[in-house]
Amino acid sequence: MIGNILKKFDDKFLKTEPRTGKLYAVSALFDTPDQIIHAAEKVSGAGYKKFDVLTPYPVHGMDGAMKLKPTGIGWVAMVAGMSGTTLAFLMIWWMVGVNYPNIFGGKPYFNLTASIPIMFELTVLISALTLVGSLIAIYMKLPFNANPLMDTEFVRRVTSDKFGIYIAADDPKFKLEEVRAMFEELGSSAVSNIHEAEYDKGKTNNPLTDKKFVGALVGTAAATAMISYFVLNVLLFLPPFDWMHRQPKVLPQTESKFFKDGWSMRKPVEGTVARGFMPYEFKGMPDSMVVATPNPLPVTQKVLDLGKKRFDTYCSPCHGFYGKGDSRMRGQFPVPPTLHSQKVTNWKDANIYHVITNGQNTMPSYQSSISRDDRWAIIHYLRVLQRSQNAPDSDVEGK
Ligand code: HEC
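Start counting the sequence shown at 113; every next residue gets the next number (my numbering).
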């Protein structure tokens, strides 16, 4: 069924009208790759210049048989590629070095090594685009879009199962009878004259200059742009459902009309403290003041449970679960002194707090990993440990 539909389609649209224009070329079809190679050798050997070979797949040795010179397309690629490299270099240098110098991680504004990936990418991109563009423009002779070969039995076969060659009628050596005779002698299965069709001429040659066509193109582009702009920038942002697009705020890196120096990103006022963060309370205080600061947490079961949890997590690896200095670090870290010494027992809570917060000699600071309240809770628990390890008889119940 599909076959029938395709056939009807072919009959309706692909029927080849007998052509009446002037002779464009003489073509010949061959059945095997060997025949076409032989034919190409013969034609190039006979001194024809304006001929071409069309095959359904690449036939090896064809370049030699046709006596093709290496193409100049490599130079196009090289020039385009080098422009890409230079363009990328200049672009990055101008953007990060001149137009918007910004310090990232203390590195220099412009750095060649960091720019190499982009330079490479642009090299490939520009040369690829230029190659495709020049293929279309130069080799396919854009805007010439109605090659007389199109829509012929010849091209239909060479894109399917035959090997074809044609010699253009404007070749200086071209003589119709000679060419036909040569092809037949070579054993071609079909030699045909290809004429230009009437519709190959005149206005249809180049729709790019057709006023109606260009008008429709520009009109469509303008309409699409306007509609997309309206939908994406206006309709979708009509209040109140504007996706919170309009907000009274300054965006990062924008200019400020309010501040005299034009910076909208301000440094915090001196002494500003972030929410949920408490800087070290005793910074710059005299010792007497520090040690006089009491533990702000009450001694409750909850606080002690929290303190135990944190002590076991953060302190016990070095100090041991009972604070006796029975480190689990197996000699990978200096073993700390016992926390049951006279010194630490007599220390005020703030002393211990100070050690946890700032560290002491080899013991590192735990300011960033243990919150302020947790530190105080650990100290309450440490007191419990100390008392349990040196319990007087009076502490024992029933005595
Ligand atoms: C990485 C191992 C390690 C961890 C974890 C550690 N400490 Fe220490 N701590 C030490 C060392 C080592 C010393 C001895 C430092 C010195 O030489 O002054 C020390 C000393 C101390 C001292 C002073 C002891 C003294 O006699 O001077 C106290 C108090 C203390 N630590 C409490 C704690 C608390 C509380 C924790 C948990 C928040 C903790 N440490 C976590 C290794 C550690």
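All residues carry an ideal CB built from backbone N, CA and C; glycine is no exception.
Check                                                                                                                                                 : Outcome
Please state if the CB of K285 and the CB of G186 are separated by a distance shorter than 8 Å.                                                       : no
Pull the bridge partners of I306 from the DSSP assignment, please.                                                                                    : A137
DSSP on Y426, reduced to helix/strand/coil?                                                                                                           : helix
Tell me where the alpha helix (DSSP H) around A482 begins and ends.                                                                                   : Note on residue identity: the sequence assigns Ile, not Ala, to residue 482. Careful: I482 lies outside any alpha helix (DSSP H) and carries neither H nor E.
Scan the segment 138 to 169 and note each continuous alpha helix (DSSP H) run of 4 residues or more that stays entirely inside, going in chain order. : 145 to 157
Report back the beta-carbon spacing between I482 and I464 to the nearest angstrom; my notes put them in contact at under 8 Å.                         : In fact, because the Cβ distance is near 12 Å, the residues do not count as touching under 8 Å.
Compare the C-alpha of I491 against each of Q472, L135, K460 and name the closest.                                                                    : K460
Under three-state DSSP, which class holds A386?                                                                                                       : coil
Compute the minimum distance between the beta carbon of N473 and the heavy atoms of the ligand HEC, and state whether it is under 7 Å.                : yes
Is DSSP giving I215 helix, strand or coil here?                                                                                                       : coil
Put M397 into one of helix, strand or coil per three-state DSSP.                                                                                      : coil
Within 8 Å, do at least three Cβ pairs link the segment 273 to 284 to the segment 138 to 148?                                                         : yes
Between T235 and the rest of its own chain, which residues show a CB-CB distance below 6 Å, the 5 nearest in sequence each way excluded?              : G193, G196, T197
Pair every Cβ in the segment 491 to 502 with every Cβ in the segment 415 to 423, then say whether three or more of these pairs are closer than 8 Å.   : yes
Would you mind reading off the limits of the beta strand (DSSP E) that contains I279?                                                                 : 275 to 280
Between which two residues does the alpha helix (DSSP H) holding S340 run?                                                                            : 323 to 341
Any heavy atom of the ligand HEC within a distance shorter than 7 Å of the CB on F394?                                                                : no
If you count every other CB in all the chains shown that lies within 10 Å of the CB of D486, and 16 or more means buried, which is it?                : buried
Using three-state DSSP, classify E367 as helix, strand or coil.                                                                                       : strand
In angstroms with no decimal places, state the Cα-to-Cα distance between K414 and V346.                                                               : 57 Å
Any idea what DSSP makes of W375, helix, strand or coil?                                                                                              : strand
Rounded to a whole number of angstroms, what is the C-alpha to C-alpha distance between G437 and F389?                                                : 31 Å
For the ligand HEC, is there any heavy atom lying closer than 7 Å to the beta carbon of F201?                                                         : no
With H, G and I counted as helix, E and B as strand and the rest as coil, what does DSSP make of K315?                                                : For K315, the predicted model reports a pLDDT of 48, less than 50, meaning its position is unreliable; a value from the coordinates is still stated below. DSSP places K315 in helix when its eight states are reduced to three.
State yes or no: is the C-beta of H492 nearer than 7 Å to some heavy atom of the ligand HEC?                                                          : no
Give me the Cα-Cα distance between N458 and P446, rounded to the nearest whole angstrom.                                                              : 24 Å
Determine the DSSP secondary structure at Q454, reduced to helix, strand or coil.                                                                     : helix
Can you grab the Cα-Cα spacing for the pair L348 / K119, in whole Å?                                                                                  : 49 Å
Provide the residue(s) that pair with Q472 in DSSP beta bridges, ordered along the chain.                                                             : M475
With 16 other CB atoms within 10 Å as the buried threshold, where does W488 fall?                                                                     : buried
Exposed or buried, what is H172 when buried is set at 16 or more other beta-carbons lying within 10 Å of its beta-carbon?                             : exposed
Between the Cα of K374 and the Cα atoms of Q365, P380, E382, V381, which residue gives the shortest distance?                                         : The residue you asked about is not Lys; residue 374 is Gly in the sequence shown. When only C-alpha atoms are compared, the closest one is Q365.
Count the CB pairs spanning the segment 216 to 223 and the segment 240 to 248 that are closer than 8 Å, and state whether there are at least three.   : no
If distances are taken between C-alpha atoms only, which option among A334, F201, G133, K274 comes closest to A302?                                   : K274
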